[in-house]
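Single-structure report; data block below.
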Amino acid sequence: MIKQLRKQDVIFLLLSLVIFAVFQFLMSERILTSFWRLNVTVICLNIILASSLNLINGVTGQFSLGHAGFMAIGAYVSAVCTMFFHLPFICSILAGAAAAGVLGFCIGTPTLRLQGDYLAIATLGMGEIIRICILNIPQVGGASGMSGIPTETTFPWLFGCMIVTLFVLKNIINSNQGRACLSVRENAIAAEAMGINTTAFKVFAFTVASMFAGLAGALFSHYFGIAHPSSFTFMRSFDIMTMVVLGGLGSLSGSIVGAVLLTFIAAAMQSYPEYRMIVYALLLIILMLYRPNGIFGDKELASVILSKWKKGGENDGTTAENK
Amino acid sequence: MLELKDINVYYGAIHALKGINLSVEEGQIVSLIGANGAGKTTTLRTISGLLRSKTGGITFFDEPLHKKNAEYIVCKGISHCPEGRRIFANMTVSENLEMGAFTRKDKKEIAATLKMVYEHFPRLKERISQMAGTLSGGEQQMLAMGRALMSRPKLLLLDEPSMGLAPILVKEIFNIIKEIHDMGTTVLLVEQNARMALSISDYAYVLETGTISLQGEARTLAESEDVKKAYLGG
Chain E
1 MIKQLRKQDV IFLLLSLVIF AVFQFLMSER ILTSFWRLNV TVICLNIILA
51 SSLNLINGVT GQFSLGHAGF MAIGAYVSAV CTMFFHLPFI CSILAGAAAA
101 GVLGFCIGTP TLRLQGDYLA IATLGMGEII RICILNIPQV GGASGMSGIP
151 TETTFPWLFG CMIVTLFVLK NIINSNQGRA CLSVRENAIA AEAMGINTTA
201 FKVFAFTVAS MFAGLAGALF SHYFGIAHPS SFTFMRSFDI MTMVVLGGLG
251 SLSGSIVGAV LLTFIAAAMQ SYPEYRMIVY ALLLIILMLY RPNGIFGDKE
301 LASVILSKWK KGGENDGTTA ENK
Chain C
324 MLELKDINVY YGAIHALKGI NLSVEEGQIV SLIGANGAGK TTTLRTISGL
374 LRSKTGGITF FDEPLHKKNA EYIVCKGISH CPEGRRIFAN MTVSENLEMG
424 AFTRKDKKEI AATLKMVYEH FPRLKERISQ MAGTLSGGEQ QMLAMGRALM
474 SRPKLLLLDE PSMGLAPILV KEIFNIIKEI HDMGTTVLLV EQNARMALSI
524 SDYAYVLETG TISLQGEART LAESEDVKKA YLGG
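Protein sequence lines, in the order shown, are assigned to chains E and C. In this text, residue positions in the first sequence follow my numbering: the first is 1, and each later residue adds one. In this text, residue positions in the second sequence follow my numbering: the first is 324, and each later residue adds one.
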């Protein structure tokens, strides 16, 4: 099984290299219009955000609605690092991610004792608190935001960070820690009785996910050159959550597909922004009616293909392990 | 091996366990019987660290446990098979069992325990890669017990293993409990099915609204008029 896993990792990396090469070519040759270049960028960011939120909402089963807040922390901390302290780009994005991770740990430790709706409300409020705080710090521009951030995020950076995020998340999900997180989702009491420290694993998932949200935020502010509090409202948290639910809670491939799909819909609806939320809501309603577990459920693309390949469900269990 | 002294547990304002004293000797099957709401499950949960006692203490091989967390208690050799099975429905049978060995690190030993569990529960072996949620009630109970055994406990806490099962399956489950006991695991059993529980136990406690009202050798209890009247239907 381990060998197969490694083989899949290699395939995954090769495939992503090919995709990277194709897009890099299309972008550097300017075959894609600037509109599509922007969208490819947004897709990469959204994939990082959605897949990291999936670790909390999907794998660990804790309903968090505060992802935009951590993204804001990453965006602002990294911007401050490059603009005020003149740190190199890589150091500032790492600082942004680390700051978001630390904050995630501090916020997660008390709030993750809550469950279900209460946790959703607490995280929603916390995301807003972060935004309002930033809004009231004049040093970082307050309501007018920070501008003039060096635009150092290039496509290779973005794509690289996305692949690293996916790779790390995939390995976490398939590790012992990931199993522990899954068991918390499946049955917290049984998990506790098995000797799994449920709070610790919830906080672990929350911290890792916030860290990646911070990374996405840092890349975001260094791509657009501005960081503005209005980019990090709870509507963004909601967008990210929609991607996760649409793709399937607990499935990384689902998050990727959800992110791509919703970014395209948002792009297509650009001329009618007021209808975008209607389309999102309709999409979710239709999805809940026909595929209540999301596009992928909690399966991964690789395991779906493999089980089709091996004909029928007889090998379902073993293929699911190889995702 | 296990000693509970003056255990008082509260759910908010409700005083659920009122000064419980209880002991389990190594190699025994001890059962806790009593009606709904008597505090049987609460007692087990307090032992395994899911609940805390306000007073008193719990010692396991003379080591105080009542201030430790559940993780530590599992490592020390007490495994809790919770009420209502509580299996991980969206994981396969083998994944469920692997979760039971979460606190253990030695892969070889885990594999050996897994083999032992499959010997006790051949039915689980047939369903190794099936999603646990699709198992029948009896198989789910077996899975929950197998999962609890995966941590190689010295003391197994079983909470209502017969709940919601057909009589023939209840018999099977109790046979397995005896097998597990014969292998050298001490068992603390909580049951509503007093007749079955008393028939396999060495010692028994009767709980009534948070206090122990009767205790004694299981055989003597089974013949006592009070128990017969209250729990054995005549």
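All C-beta atoms in this analysis are idealised placements derived from N, C-alpha and C, irrespective of residue type, glycine included.
In the three-state reduction of the DSSP assignment, residue 383 of chain C falls in the strand class. As the crow flies, the alpha-carbon of residue 76 of chain E is around 28 angstroms from that of residue 261 of chain E.
Interface flag for residue 459 of chain C against chain E is unset, since no Cβ pair is found closer than 9 angstroms. At a C-beta separation below 8 angstroms, residue 373 of chain C has these neighbours in chain E: 189, 192 and 193. In this structure, the straight-line span from the alpha carbon of residue 214 of chain E to that of residue 221 of chain E is close to 11 angstroms. For the pair residue 237 of chain E and residue 473 of chain C, the Cα-to-Cα distance works out to about 40 angstroms.
Secondary structure of residue 107 of chain E (DSSP, three-state): helix. Boundaries of the alpha helix (DSSP H) around residue 443 of chain C: 430-443. By the C-beta criterion, the region 191-198 of chain E is judged not to be in contact with the region 41-55 of chain E, since fewer than 3 inter-stretch pairs fall below 8 angstroms. Residue 330 of chain C is classed as buried because its beta carbon has at least 16 other beta carbons within 10 Å across all chains shown. Taking a contact to require three or more Cβ pairs closer than 8 angstroms, the region 458-465 of chain C and the region 503-518 of chain C do not qualify as touching. Taking a C-beta distance under 9 angstroms as the contact criterion, residue 173 of chain E and residue 55 of chain E qualify as a contact pair.
By the neighbour-count criterion, in which a residue is buried when 16 or more other Cβ atoms sit within 10 angstroms of its Cβ, residue 450 of chain C is buried. CA-CA distance, residue 11 of chain E to residue 163 of chain E, rounds to 13 angstroms. Residue 207 of chain E: member of the alpha helix (DSSP H) spanning 198-224, first to last residue.
Residue 393 of chain C has its alpha-carbon roughly 41 angstroms from the corresponding atom of residue 290 of chain E. Using a Cβ-Cβ cut-off of 7 angstroms, residue 183 of chain E is close to 411 and 422 of chain C, given in chain order.
Here residue 298 of chain E is buried: its Cβ has 16 or more other Cβ atoms, across all protein chains shown, within 10 Å. In this chain, residue 482 of chain C is not harboured by any alpha helix (DSSP H); it is covered by the beta strand (DSSP E) spanning 478-482. Within the DSSP bridge table, the entry for residue 511 of chain C names C/353 and C/480 as partners.
In terms of beta-carbon proximity, residue 387 of chain C stays away from the interface with chain E, with every pair separated by 9 angstroms or more. Per the DSSP secondary-structure output, residue 335 of chain C pairs with nothing in a beta bridge. As a beta-bridge residue in DSSP terms, residue 328 of chain C pairs with C/380.
Residue 341 of chain C carries a strand assignment under DSSP once its states are collapsed to helix, strand and coil. If you look at residue 537 of chain C, you'll find it in the beta strand (DSSP E) that goes 534-540. Judged by their CB atoms, residue 69 of chain E and residue 149 of chain E are not nearer to each other than the 9 angstroms cut-off. What residue 56 of chain E touches in chain C, judged by beta-carbon distance under 7 angstroms, is nothing: the nearest beta carbon there is about 17 angstroms away.
For residue 527 of chain C, the uninterrupted beta strand (DSSP E) segment begins and ends at 526-531. Put simply, of E/160, E/199, E/147 and E/156 the residue whose alpha carbon is nearest the alpha carbon of residue 177 of chain E is E/199. Under the 10 Å beta carbon count, residue 131 of chain E is surrounded by 16 or more other beta carbons and is classified as buried. Around residue 414 of chain C, the beta-carbon contacts reaching into chain E at under 9 angstroms are 179, 182, 183 and 186. A straight line joining the alpha-carbon of residue 230 of chain E with that of residue 8 of chain E spans about 40 angstroms. Using a 10 angstroms sphere on the CB of residue 18 of chain E, the tally of other CB atoms stays under 16, which defines it as exposed.
Contact between the region 400-411 of chain C and the region 365-372 of chain C is present, with at least three C-beta pairs closer than 8 angstroms. Listed along the chain, the chain E residues whose CB falls inside 7 angstroms of the CB of residue 462 of chain C amount to none; the nearest CB is some 15 angstroms away. Taking the beta carbon of residue 305 of chain E as reference, no residue of chain C falls within 7 angstroms; the closest one sits roughly 18 angstroms away.
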